[in-house]
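Since the structure comes first, as structure tokens, the remarks are kept for the end.
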Amino acid sequence: MTTESLIAGALLGVHAGDSLGASLEFMSFGQVREAYPDGLREIVGGGPFDWPAGHATDDTDLTRAVLLAYLEPGADLVATAGQHMLHWFDGNWPGRTPGSRPVDVGGATATGLTRFRSSRDWRRAGAGAGSAGNGSLMRCIPTALARADVEPAQRAREAAAISSITHDDARCVQACVAYTEIVVALLAGESAQEAAGAGVLAMQKARPADGAAAVELAIGQGLQIDLTRAVVKGDAGLAHGGTGYVLDSLSLAVAALVDPRPAVESLVDVTRLGGDTDTNGAIAGGLLGARDGLSAWPGSWTERLQFDAEFRAAASTFAAHYRSAT
Ligand SMILES: [Mg+2]
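Have a look at this one:
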């Protein structure tokens, strides 16, 4: 597996999970089961916001905002990422009427970006402690993909600062740090179990920082979830039922990562559970794509994804950087 394939697989995994889950967003497990007894297996759009098939929702759009910053960081990478998020927030964005607000902006994201607009400083942005949604975890993957060759401490600082633009609660920040280290381990060719272990190790090193112990527990919980069983029972045993809490989404993504079945099966099952399906799908999809590469995703999916070509081109750029650095 080439590094380029793993990077492209990861980016398109976020996009595919988002676009697959967008059709089921806010549905209960029972409602998903009734509409799609075997799970939704194609990217068809619709959902509460009536998305065109393969259209990015906030998860993919904000991942793209961070991705653009890594492609052209300018003088201050984190400020550039925040600036791209503001472009998205203010309606300067592909596929949207200029000047129109996104229909699907999360609460902490709106609060954090409004503060960032005034301060232009991630240290004086963010929705504050207690806002522990999954809105930064869903868009954190570019740090791992662009920075696999730097010291873990530098990577952790960047992941933490980019999370803090909107989500500065310690659980959100540390979840992004752990997720980043899991993805870096997958890019290095480590197995799913080893990569999950890299996330645990990162949290053990981060202790006693706030949030690290809770994130370590969430990874451990994910390792215990059997997705095949969870979609029979309609319950993965998550603290908040997979409805937007950052550590629920992280646990589900880890469960998908270590699921031995093909990536598509695991991702379909993540969205079958209902709840915050697009974001849970995006977070799990990123790990599955970093594990299996581009071949994880069927052509009938990727050809519909709004940013398919752009994400593949970004993967090519990052892979060329690693080749030239060695
Ligand atoms: Mg979304």
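Sequential numbering from 1373 applies to the sequence shown in the working numbering.
Note that CB positions come from ideal geometry on N, CA and C, so glycine has one too.
Predicted model only: the values in this text are computed from it and were never measured.
Using the Cα positions of residue i and residue j, report the straight-line distance between them to the nearest angstrom.
i, j, result
"R1436", "Q1678", "11 Å"
"D1476", "L1619", "21 Å"
"Q1596", "A1627", "7 Å"
"G1561", "G1665", "11 Å"
"V1522", "I1554", "15 Å"
"D1541", "G1502", "6 Å"
"T1538", "G1594", "25 Å"
"G1418", "A1394", "7 Å"
"V1572", "H1459", "35 Å"
"R1676", "R1579", "42 Å"
"L1412", "C1544", "29 Å"
"G1671", "E1397", "23 Å"
"A1380", "G1467", "21 Å"
"T1432", "K1605", "30 Å"
"W1465", "R1684", "19 Å"
"A1425", "T1469", "18 Å"
"K1577", "S1391", "35 Å"
Flag residue i as yes when its Cβ comes closer than 7 Å to any non-hydrogen atom of ligand 3, and as no otherwise.
i, result
"T1429", "This structure lacks ligand 3; its bound ligands are ligand 1."
Please classify residue i as buried or exposed, where buried requires at least 16 neighbouring CB atoms within 10 angstroms.
i, result
"A1611", "exposed"
"F1401", "buried"
"A1692", "exposed"
"A1602", "buried"
"V1642", "buried"
"T1649", "buried"
"S1623", "buried"
"P1514", "buried"
"E1566", "exposed"
"A1528", "buried"
Check whether the Cβ of residue i lies closer than 7 Å to any heavy atom of ligand 1, and answer yes or no.
i, result
"T1651", "yes"
"A1394", "yes"
"D1620", "no"
"D1422", "no"
"D1641", "no"
"D1541", "no"
"D1390", "yes"
"D1607", "no"
"D1664", "no"
"D1476", "yes"
Establish whether the CB of residue i and some CB of chain B are separated by less than 8 Å.
i, result
"E1444", "Annotation note: the requested chain B is absent from the structure, which comprises a single protein chain."
Inspect the beta-carbon positions of residue i and residue j and report whether they are closer than 8 Å.
i, j, result
"G1478", "G1505", "yes"
"S1688", "E1414", "no"
"L1439", "L1559", "no"
"D1631", "L1599", "yes"
"Q1546", "A1584", "yes"
"P1474", "F1488", "no"
"S1621", "I1655", "yes"
"V1404", "R1644", "yes"
"V1636", "A1533", "no"
"L1517", "A1382", "yes"
I'd like the ranges of any beta strand (DSSP E) spanning at least 3 consecutive residues and lying wholly in the stretch 1498-1557.
Entirely contained in the stretch 1498-1557, not one beta strand (DSSP E) run reaches 3 residues.
Going residue by residue through the stretch 1420-1478, where are the continuous alpha helix (DSSP H) segments of at least 4 residues, counting only ones entirely within it?
Runs of alpha helix (DSSP H) with 4 or more residues, each lying fully within the stretch 1420-1478, are found at 1430-1443 and 1449-1462, listed in chain order.
Could you tell me which whole alpha helix (DSSP H) segments of length 4 or greater appear in the stretch 1563-1619?
Listed in chain order, they are 1564-1578, 1584-1596 and 1599-1605.
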